[in-house]
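Scroll down for the structure; my scribbles are underneath it.
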Amino acid sequence: MTPILAVNASGICFTYQEGTRALEEVDFRINSGEFVAMLASNGSGKTTLIKVLIGLLKPEKGRVEINGLEINSISKKELYQQVGLVLQNPIDQLFAATVEEDVAYGPRNLGLDEEEVQRRVSEALECVAALELRCRAIHHLSFGEQKRVSMAGVLAMKPSILILDEPTAGLDPAGEALMMRLLNRLNREQGITVILATHSVDLLPLFADRIYVLQRGKVLKQGPSEEIFCDYEMITNACLRLPYIAALLHKLKQHDGVPINGLPLTIGEARMRLLELIPEDVIVKPTEATN
Amino acid sequence: MTPILAVNASGICFTYQEGTRALEEVDFRINSGEFVAMLASNGSGKTTLIKVLIGLLKPEKGRVEINGLEINSISKKELYQQVGLVLQNPIDQLFAATVEEDVAYGPRNLGLDEEEVQRRVSEALECVAALELRCRAIHHLSFGEQKRVSMAGVLAMKPSILILDEPTAGLDPAGEALMMRLLNRLNREQGITVILATHSVDLLPLFADRIYVLQRGKVLKQGPSEEIFCDYEMITNACLRLPYIAALLHKLKQHDGVPINGLPLTIGEARMRLLELIPEDVIVKPTEATN
Amino acid sequence: MYLPKKYSSQSLKPGDKMSIRFLERGTATAFIQKGPPRMLIPALTTAAVLIVLASGPAHAMHISEGILPVPWALFWFALSTPFLILGLRNLNARSKSEPHLKAMVALVGSAVFIISCMPIPVPTAGTCSHPCGTGMAAILIGPTLTVLVASVALVLQALFLAHGGLTTLGADIFSMGVAGAFTGYGVFFLLRKLGLSWFVAAFAAGLISDWATYGATSLALAAALHSDGSFSTMFWSIIVAFVPTQVPLGILEGFITAGAYSFIHTRRPEYLGMLAKGEAR
Amino acid sequence: MFDIFSDIFACRENVFTRIDPRVKMVPAIALILSVVLSSKVYFPLTVLAFCLSAMLMVGMPIRLALLRIAGPMGIVAVLVVLQAFLSGSTPLFTLDFLSWKLTATEEGLRRGILIGSRVLGAVSVMLLFSSVTPAYKIFNALRWFRVPEGWVEIALLVYRYTFSLLDQTSDVITAQSTRLGYSSVGKSLSSMGVLAGTVITRSMDQAMRTYEAMTLRGYEGSMHFAPLPGLKATDIRNLAIVLPLILTVFMLMERYA
Ligand SMILES: Nc1ncnc2c1ncn2[C@@H]1O[C@H](COP(=O)(O)OP(=O)(O)OP(=O)(O)O)[C@@H](O)[C@H]1O
Ligand SMILES: Nc1ncnc2c1ncn2[C@@H]1O[C@H](COP(=O)(O)OP(=O)(O)OP(=O)(O)O)[C@@H](O)[C@H]1O
Ligand SMILES: [Mg+2]
Ligand SMILES: [Mg+2]
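Protein chains in written order, with my numbering: chain A, 520 to 810; chain B, 520 to 810; chain C, 44 to 324; chain D, 13 to 269.
Rendered as structure tokens:
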């Protein structure tokens, strides 16, 4: 028997009331424990798909299963204990006065006792490296801190699937890296399935197991990042671009005829490939290799 | 005599009411016709500095001159005819119901006659490649379109200095490239001084003449992008990172000992430098060079 | 001014032909001799009908287009226009010294509009209904500006949602704007003067403004609809018919107003000061 | 609820949207007034049929058109019942309700149906008008009818920001409901209070930012509007045809139908 999929959506169609066809026959299947990115340009239907997956919008056609259960067959409570959604804009998600209260909002609604609630709050805040913010007022947090706290609020529900809408939008490079590493840790250490919608391509190859490329509400292609970014045409078609590193090596390969195997997407890989090409005698005094 | 500076701010200090010290002795000098980026992580005071430059916030200390005139010595109307500000969030800036009305708002307030107003609207919309949006309602525009229209609204005032707060935030790669090319064209063709605040580093080397790096309300360093990104320490200190291309070559240079002159920041430059290093005989059948 | 004859004859005499028709059983006739309970039966009927027709109460806070005869429509327009003019005067006068006022009033207006679109569950009727938000607005921006904002919101609702309408705009402005805003503001102001906590005052403002709106709506409806029947039967029937939804709804609105007010009070007190200029706090 | 709130149809190109809003407004008002004045159901029902088919013609999905008319339908049903039982004198039938007898009357029923048809007719005119005329055009046109500019200015701002506030509000609701904020009546209540508070503070923040942005473009306390273009001769000619037509149909139906 095949293992139970974390998310199994098939043939999803969705049209907004005034007639915008936002999703068309979308199939979206995520295994438990995967780290999947939904990559698409503005207005391609990422947010709509997310809302369908989490049962906030009813698709016209198609069926969504979460951990093997049809989402309409289970109660909202069960559903939201399994799937957590982190919105793009953290202030939409932070409505309590202090960090602690906000993170406790979900667990309290689950009807847990106060001790358990406090335990969950601490755990969730620790997960997002924000324990020291516990007693701060929400409106005094910086944007990056708000993002992390809003994630903690969702994590406190202990979902097995975490869906994030543009988690790195608006963050500076340090915040971006921190956020991606956090997600990676949650995924690897706690086995949480992570699904993120984004249109920034550079960080994905490092983290995502698989990428879905959407365009105008259709899945253009899906697969591991190497496969996705090989298809230069499809990527530009979808109003996206290659990661900078890949773009450089793509240019070197296509236009300058430098023979490079495959298409390195990350700095580490690119370094290896380039070093293979550069004659040893050119290299001066390699200092101790610090990867 | 030195030429008149477009923006000359010296010794700016600013503290928010509740005590956040947002700017500390900031000196900021921009020549006419320059394309300058203000690069800083979240919460470093970019927006605050912009608001001080445009007279929305009164600095505690320091003096701001626009085109040689102290900003308090001229009327608001004169000031805003010289400096235009494009806010980060287009929603804030687009307050009229339709594109046409929104763009016409500024010129009408200047008391121009209707013919001139219409001429300016057309011109401004053409500048941002949005002429076909003219009769659309604002809330039906996509995010990227909103950004461009909000820029048109400012351009219709015909400012000689254009200040933009994170013009590329939230845009997909295609929109980002379009926006940067637009700004570049305005700068080169119409000689408009462009000042932009951002924390995305990758596009800057291609466009910015000079970069100011801020951190916690202080100017850490300023200079052309080559100088800025050479200083790896300062950059990481400011919670920023090198552009991906530069990071790759930096790694190759520092850790692998590949001898690279300077630090290429753009794909084009990096290609040249790498090709210098790769032996000719490795290169297979260079197809016709399409840059 | 055209005033229908029956408008003044509000009381219903015992043994009125009309109410007797509903009370043929002897057990019920006892009610006829007494005061208000004689309205009970028609009222209960309508209540039952309203509850069955879930969409009725949800829309009933605004009088739908087409219900009011032309003379009544004009009457209500005439009644609410002075308040609109007052609001506009106030706006123009204040926006000279407070240039941000127009933006503020407009945005509070859209907030109120959105809040009044929020479906809220009504436990007793098992349906959804909508709060008015005018009590809230009145506390924040004062009653005259609230009338202004309510008129804009009503026009938008008529256009987008088919709530209310053009001919009934006058009556709707009167019930939502004038009745709701002035009572809400008055109650808030009074209770604060009496030294009650702002939570209680905000709660009462929400509650009373909701009920006042509902009273005024019922009045307008009854006046227009009673035709050959009695005005007061119609009025009380409508009142009682709305009781199952409006009583809890008023209480809910009270809670929402108090919740929202305390939210703003704790997070952004500066806005309260900026808008009310310290008047009602 | 929030989904119905869209004026996308009003921004499409078709016969109706091309007409000057001031010109559209006159027959719309004439229609509504004559519907309200009508003493027989035929004219209102004709208007209803005309408006519904026009709505379908401009491409509004049937579902949405019906959804929009569903609210008034409910009111109509209530009205019919209310009138049938509370007015008139000729008994029609009697219902046993618990221990009471309720009698419906013929006149009452008639009157209920008449008022109901008026409601549907008038509402459908409003709906057609609003689905072929964006609200901002209506507000602008109102200036021509001497509505004070202060009111129009406020209305335009309300209209503009309602859409963006709605998006934010629905995001907050999403966040609340995925964290089970609406899983019981008590929780719904407090969540709703927080929601209302959030919406209001958001709107105030937005107001301050908007005011800032307006200042940056030379705002000094009141908006300068574009001059309204003069009415075209064809518009006036069309009006001269349409208004008498409405009147004639109305009269004929009142008298002979
Ligand atoms: N509430 C709505 N009503 C009508 N149309 C909508 C609504 N929300 C989104 N759309 C439309 O549906 C399409 C998909 O929108 P969606 O928000 O899912 O895109 P997205 O990929 O999340 O974009 P972004 O990157 O800008 O967040 C767009 O064309 C959009 O205009
Ligand atoms: N209205 C305000 N009141 C009080 N403090 C503020 C206010 N606005 C900003 N600050 C604080 O001032 C500092 C600088 O903020 P600013 O918004 O200028 O940063 P920024 O560089 O624009 O950041 P971002 O990239 O997030 O937009 C931050 O610490 C911020 O918390
Ligand atoms: Mg989205
Ligand atoms: Mg900023």
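Every residue, glycine too, gets a C-beta built ideally from N, C-alpha and C. It should be emphasised that the depicted structure is a prediction, and the values quoted were computed from it without experimental measurement.
- Beta-carbon to beta-carbon, leucine 767 (chain A) and arginine 790 (chain B) are separated by about 7 Å, close enough to satisfy the 8 Å threshold.
- A distance criterion of 7 Å places the beta-carbon of lysine 666 (chain B) beyond contact range of ligand 4, judged by its closest non-hydrogen atom.
- Rounded to whole angstroms, the gap between the alpha carbons of isoleucine 754 (chain B) and leucine 761 (chain B) is 7 Å.
- In the three-state DSSP reduction, arginine 548 (chain B) falls in the strand class (E or B).
- CA-to-CA, the gap between arginine 132 (chain C) and tryptophan 156 (chain D) works out to about 20 Å.
- Shown here, leucine 177 (chain D) sits in a helix according to DSSP, grouped into three states.
- Taken atom to atom, the span from the alpha-carbon of alanine 224 (chain C) to that of aspartate 183 (chain D) is near 29 Å.
- Secondary structure in the stretch 724–775 of chain B: the beta strand (DSSP E) runs of 3 residues or longer, each lying completely within the stretch, are 729–734, 737–742 in chain order.
- Residue pairing for isoleucine 585 (chain B): DSSP places it in a beta bridge opposite B:Val526, B:Leu588.
- For threonine 539 (chain A), the distance from the CB to the nearest heavy atom of ligand 1 is below 7 Å.
- Relative to ligand 4, the beta carbon of aspartate 691 (chain A) is positioned no closer than 7 Å to any heavy atom.
- Proline 73 (chain D) and tyrosine 171 (chain D) have their alpha carbons spaced roughly 24 Å apart.
- Taking C-beta atoms under 8 Å as the contact rule, histidine 105 (chain C) and glycine 227 (chain C) fail to qualify, at a distance of about 17 Å.
- One thing to note: serine 153 (chain C) has its Cβ within 8 Å of the Cβ of serine 215 (chain D).
- In this structure, alanine 648 (chain B) keeps its C-beta atom at 8 Å or more from the C-beta atom of leucine 674 (chain B).
- The shortest C-alpha to C-alpha distance from glycine 83 (chain D) to any of D:Phe141, D:Thr213, D:Phe237, D:Val135 is the one to D:Val135.
- By the criterion of a C-beta distance shorter than 6 Å, cysteine 646 (chain B) is surrounded in its chain by Leu674, once the five residues flanking it on both sides are discounted.
- Pairing leucine 188 (chain C) with lysine 580 (chain B), the inter-Cα distance amounts to about 40 Å.
- Apart from sequence neighbours up to five positions away, the residues of its chain that approach glutamate 543 (chain A) with a beta-carbon distance below 7 Å are Cys532, Gly736, Lys737, ordered along the chain.
- Under the three-pair Cβ rule at 8 Å, the stretch 557–573 of chain A does not count as touching the stretch 610–619 of chain A.
- In the structure shown, valine 713 (chain A) falls within a strand segment according to DSSP collapsed to helix, strand and coil.
- Within the stretch 770–784 of chain B, contact with chain D at the beta-carbon level (separation under 7 Å) is assigned to no residue.
- At a cut-off of 8 Å between beta-carbon atoms, leucine 683 (chain A) makes no contact with chain D.
- Near ligand 3, meaning a beta-carbon closer than 7 Å to one of its heavy atoms, we find A:Lys565, A:Thr566, A:Gln607, A:Asp684, A:Glu685, A:Ala716.
- The straight-line gap separating the alpha-carbon atoms of cysteine 160 (chain C) and glutamate 651 (chain B) is approximately 34 Å.
- Relative to ligand 2, the beta carbon of alanine 656 (chain A) is positioned no closer than 7 Å to any heavy atom.
- Between the stretch 579–594 of chain B and the stretch 655–669 of chain B, the count of C-beta pairs closer than 8 Å stays below three; the two stretches do not touch.
- Annotation for lysine 677 (chain B): Gln600, Arg639 place their beta carbon closer than 8 Å to its own, counting only its chain and skipping 5 residues before and after.
- Assigned with DSSP and collapsed to three states, valine 602 (chain B) falls in strand.
- The Cβ of histidine 718 (chain A) sits no closer than 8 Å to any Cβ of chain C.
- One thing to note: leucine 122 (chain C) has its Cβ within 8 Å of the Cβ of glycine 213 (chain C).
- Against chain B, the beta carbon of arginine 24 (chain D) has no neighbour under 9 Å; the closest one sits roughly 11 Å away.
- Residues of the same chain with a CB within less than 7 Å of the CB of lysine 577 (chain B), apart from the 5 flanking positions on each side, do not exist.
- Look at arginine 235 (chain C): its C-beta is not under 8 Å from any C-beta on chain A.
- In this chain, the beta strand (DSSP E) harbouring phenylalanine 554 (chain A) covers 554–558.
- Non-local C-beta neighbours of leucine 168 (chain D) in its own chain, meaning closer than 7 Å and more than five positions away in sequence, comprise Tyr148, Phe151, ordered along the chain.
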